[in-house]
Each structure stands twice: as C-alpha cells, then as structure tokens.
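Undergrad: Residue numbers (this note's numbering): 19 to 385.
Don't be surprised by glycine CBs; every beta carbon is placed ideally from N, CA and C.
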Ligand code: G6P
C-alpha cells in the first residue's frame, strides 16, 4: 500500500493533490469547441423544458455537493430543487411525480440509503440521473442515466477529490439544463465553461501554498470547537469544510449560515474561538464582512478563505488562505481545497489516523 501512495505520507494528501487531474478528466471530454457535450446521458430539449422539480439525494460529502447544486441550478436553470439526505428522503414519503428528475450523487455507488432512495424516486416515477465515481456500481446500474465523475479510485475514507469532481459534473449538468431551457446567455455560458477550465491551475496554485495552511494548523491544533460560517455557496461549502474537519481531526465543529449567527451561535463565541469563513461571493461580501466583525468583537480568531482581489476580507480577518481570482459562481470547486488541507493538517498535527478515522467506513452499505 505504501507504494500506491506514490511517496505521499497519506492517501488523503495524495488524493487532494490529484484534484487538478480529477477535474480535467471529468470536464475535459465533455467540453467540445466551447460547448458542453454530455454524450453519455440523454437530456432532450423537450425533457429538460418539462422537468417539474429536481430531487437531489445523497449522503455525507456527496450530499454537500448536492447542496451546492441546488443553489446553482435554481439560480441559472430556474428549476425548483429539493436536496435531501438519503435516509430522510426514503422514509418521508416525498412528493415526487413523473415530471420530476432525481439526481443521485455517490462516490462509491453502493451507499445503502442512497440506493434505496434511488429506488423510491424511481418507483414514484422520476427519471433518475446519477453522478457516480465507481463504474458499474449498483447505483450506476440502476439509474436511467449516469454521469460519471472521473476522479479515479479514492482510498482515504474522507472524500476529497471525488467532491471536486462531483461539483464539476454538477456544473456541466447545470449549464446543460440552463441552456436548454433558454435561461442562460451565450456570454454567461461561455464564461462558466472557461472558468471551469481554469480551476485545475487554481488548485495547483493553492497546493503550492499549502505550507501556510500547515503552519496555521500547527498553531491552532488545540482548539476544542470550530465554527464555519458562510452565505450562499459559501454556506454549502462551510458544511463540507466542517464535516471534513470533524471526520479526520475529531474536533467538534458546526457550519452555520452567516445570517443565523444572531439566532444562537453567537452565544458560543468567546475569546479565542476559531471561526472559519469562506468569503468568495461578491454579492454577499458586505454581509459576511459584518459577520466577521461581529464575531471578532466577541474575541473570535477569524480564518477566511478569500479570492486574491477581495481586499476587504484581507483587512478584517486574522488569517486568510488566498485562492486565485476564479469566478464566484464556480469558486466552491477551488475554495474547498484549502478547507480539505486545513482538516488534513489539523489531523496530522494531532496524530490522528488520517486515512482511517475511527468509526468511519468508506461506504456505508448497512443500515
Ligand atoms: C461515508 C464516507 C463519506 C461519504 C459518504 C457517502 O460516510 O465516509 O466520505 O461521503 O459515505 O458515500 P458515497 O459513496 O455514497 O458518496
């Protein structure tokens, strides 16, 4: 197994470093002459125009990719989207009709709850499209359409590159839906495609600066609680950052929408509490800056994830992990990487078993 790590100390780090490739492999073959071409699935214009509702169902990290998808599909394709964790969806008798589309997301393609949720959606008449990493897995086989993520094998229990690849597949799908429904201008369409193509380099850049993240982790590894706060896509991203951290470092953490701070969480902020704030959404920048000021006024130490040009953030946060200036709409694909690295280094400094965290398994195939 040491050989398969190709010189890396852990699979988790190896897999984070493979993100640029996972992204290229997932989007590369599906962009031809500047257009999204999804040969592998059937999405006729007539079908797309008549979708009533989209149900996204998944577990864990894949669920968090689904939360991002809700924001981007609703914003651009204007189709109502519901996101559920599979174990809730399958038991709540959800309202699904034969005009609906179900998007099932799973790295392994074998998660039991997700599989049963797929069957439930199908039984109720939805057409099922799955986003899966393992070829010919059960979920892939039972779906009407499969949009594979080409992230390659993921060994570390905590999912990293599969998440970036899931997001890429979801962005491509969103472009296709929005375009076929006539909701997206040529310019917007072009910008997003070009933006996605720059993400691998952006992540290389982030990986080149990982020393700063390691240093920050080393000096903050004794904290007992961490809060992740974000708005919009950054809120969805915060959920994933928080999950990654608790999975591998066992530090208690929670993710909150910035606007919810006042409704409880702020009571827990005291001197030295670490608050992690991804701030990549320009339209929500001012609101997040106020949130940062609020927690700082109560003694918090703020670590922000921001784009190079977001100078305001650099001014208010105690520490910033900078990411290149990618378009805010696609920023999560790159902005998750510093959060994964942060979780990784926190775990390493604490001496945790990074690739095999206690009590967790790669794929939950039992109830
Ligand atoms: C387990 C893994 C997670 C993963 C989740 C869903 O909890 O430890 O990393 O996100 O299952 O797995 P799936 O294979 O369905 O994406």
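I'd like the ranges of any alpha helix (DSSP H) spanning at least 4 consecutive residues and lying wholly in the stretch 198 to 273.
TA: 204 to 226, 228 to 238, 251 to 267, all fully within the stretch 198 to 273.
Undergrad: On the premise that residue 270 lies in contact with residue 262, defined as a C-beta separation below 8 Å, what is that separation, rounded to the nearest angstrom?
TA: In fact, because the Cβ distance is near 14 Å, the residues do not count as touching under 8 Å.
Undergrad: How many Å lie between residue 250 and residue 223 at the Cα?
TA: Cα to Cα, the separation comes out at about 25 Å.
Undergrad: Which two residues bound the contiguous beta strand (DSSP E) that contains residue 122?
TA: Per DSSP, residue 122 belongs to the beta strand (DSSP E) from 119 to 124.
Undergrad: Span of the alpha helix (DSSP H) holding residue 378?
TA: Counting along the chain, residue 378 falls outside any alpha helix (DSSP H), and DSSP gives it neither H nor E.
Undergrad: Is it buried or exposed for residue 302, if we count other Cβ within 10 angstroms and need 16 for buried?
TA: The residue in question, residue 302, is buried, as its Cβ has 16 or more Cβ neighbours within 10 Å.
Undergrad: With a CB to CB cut of under 8 Å and the five nearest residues on each side skipped, what residues in its chain are close to residue 257?
TA: Excluding sequence neighbours, residue 257 sits near 82, 85, 246, 273.
Undergrad: So within the stretch 86 to 161, which uninterrupted beta strand (DSSP E) runs reach at least 3 residues, ignoring any that extend past its ends?
TA: With a minimum length of 3 residues, the continuous beta strand (DSSP E) runs that stay inside the stretch 86 to 161 are 99 to 103, 119 to 124, 145 to 150.
Undergrad: Drop a sphere of 10 angstroms on the beta-carbon of residue 396, count the other beta-carbons inside from all chains shown, and report buried for 16 or more, exposed for fewer.
TA: Past the boundaries of the shown model lies residue 396; the chain is included only from 19 to 385, so the question cannot be answered.
Undergrad: Can we say the stretch 305 to 322 touches the stretch 279 to 292, given the rule of at least three CB pairs closer than 8 Å?
TA: At 8 Å Cβ cutoff, the stretches touch.
Undergrad: When we look at the beta-carbon of residue 114 and count the other beta-carbons within 10 Å, is it buried (16 or more) or exposed?
TA: With 16 or more Cβ atoms within 10 Å of its Cβ, residue 114 is classed as buried.
Undergrad: Spell out the partners DSSP gives residue 163 in its beta bridges.
TA: DSSP, once it has assigned bridges, lists 147 as partnering residue 163.
Undergrad: Around the Cβ of residue 24, are there at least 16 other Cβ atoms within 10 angstroms (buried) or fewer (exposed)?
TA: Classification of residue 24: exposed, given that the 10 Å Cβ count is below 16.
Undergrad: Would you mind sorting residue 281 into buried or exposed? The rule is 16 or more other CB atoms within 10 Å of its CB.
TA: Looking at its Cβ environment, which holds fewer than 16 other Cβ atoms inside 10 Å, residue 281 is exposed.
Undergrad: Just checking, does the stretch 206 to 213 make contact with the stretch 337 to 355 on the three C-beta pairs under 8 Å criterion?
TA: In short, these stretches touch, since the Cβ pair count reaches three.
Undergrad: Look at the Cβ atom of residue 266, then the Cβ atom of residue 375, and state whether they are nearer than 7 Å.
TA: Contact: yes.
Undergrad: Are the CB atoms of residue 174 and residue 373 nearer to each other than 7 Å?
TA: For residue 174 and residue 373, yes; Cβs fall inside 7 Å.
Undergrad: Run the CB neighbour count on residue 179, radius 10 Å, all protein chains shown included, and call it buried at 16 or more, exposed below.
TA: The residue is buried, with at least 16 neighbouring Cβ atoms inside 10 Å.
Undergrad: Given 6 Å as the limit, tell me if residue 80 has its C-beta closer than that to any heavy atom belonging to the ligand G6P.
TA: Yes, since a heavy atom of the ligand G6P falls inside the 6 Å radius drawn around the Cβ of residue 80.
Undergrad: Just curious, the beta strand (DSSP E) that residue 72 is in, first and last residue?
TA: Residue 72 -> beta strand (DSSP E) spans 72 to 76.
Undergrad: Is residue 94 a contact residue of the ligand G6P, with contact defined as CB to any heavy atom under 6 Å?
TA: Checking every heavy atom of the ligand G6P against the Cβ of residue 94, none is found closer than 6 Å.
Undergrad: Is residue 327 near residue 129, with beta carbons less than 7 Å apart?
TA: Contact flag unset, no.
Undergrad: Taking the alpha carbon of residue 171 as the point to measure from, which residue in 97, 43, 203, 194 has its own alpha carbon closest?
TA: The shortest Cα separation from residue 171 among 97, 43, 203, 194 belongs to 43.
Undergrad: Residue 230: which of 364, 134, 112 sits nearest, CA to CA?
TA: When only C-alpha atoms are compared, the closest one is 364.
Undergrad: How far does the alpha helix (DSSP H) with residue 29 in it extend, from its first residue to its last?
TA: Run containing residue 29: 29 to 35, per the alpha helix (DSSP H) assignment.
Undergrad: Just to confirm, are residue 45 and residue 186 a CB contact at a threshold of 7 Å?
TA: Yes, the Cβ-Cβ distance between residue 45 and residue 186 is below 7 Å.
Undergrad: Rounded to a whole number of angstroms, what is the C-alpha to C-alpha distance between residue 10 and residue 366?
TA: It is not possible to answer for residue 10, since the shown part of the chain is limited to 19 through 385.
Undergrad: For residue 215 and residue 55, I'd like the C-alpha separation in whole angstroms.
TA: Cα-Cα distance, rounded: 15 Å.
Undergrad: Give the range of the alpha helix (DSSP H) segment to which residue 356 is assigned.
TA: From DSSP, the alpha helix (DSSP H) with residue 356 extends over 350 to 367.
Undergrad: DSSP state of residue 316, grouped into three classes?
TA: Three-state result, residue 316: coil.
Undergrad: Cα-Cα, which of 126, 352, 312, 194 is closest to residue 60?
TA: Of the candidates 126, 352, 312, 194, the one whose C-alpha sits nearest the C-alpha of residue 60 is 194.
Undergrad: Using only CA atoms, which one of 165, 102, 73, 339 lies nearest to residue 143?
TA: Taking only the C-alpha atoms, the option nearest residue 143 is 73.
Undergrad: Which partner residues does residue 50 have in the DSSP bridge list?
TA: According to DSSP, which records beta bridges pairwise, residue 50 is partnered with 53.
Undergrad: Whole angstroms are fine: how far does the CA of residue 134 sit from the CA of residue 76?
TA: Going by the C-alpha atoms only, they are around 11 Å apart.
Undergrad: Examine the ligand G6P and report whether any of its heavy atoms sits within less than 6 Å of the Cβ of residue 44.
TA: Because no heavy atom of the ligand G6P lies under 6 Å away, the Cβ of residue 44 does not count as near it: no.
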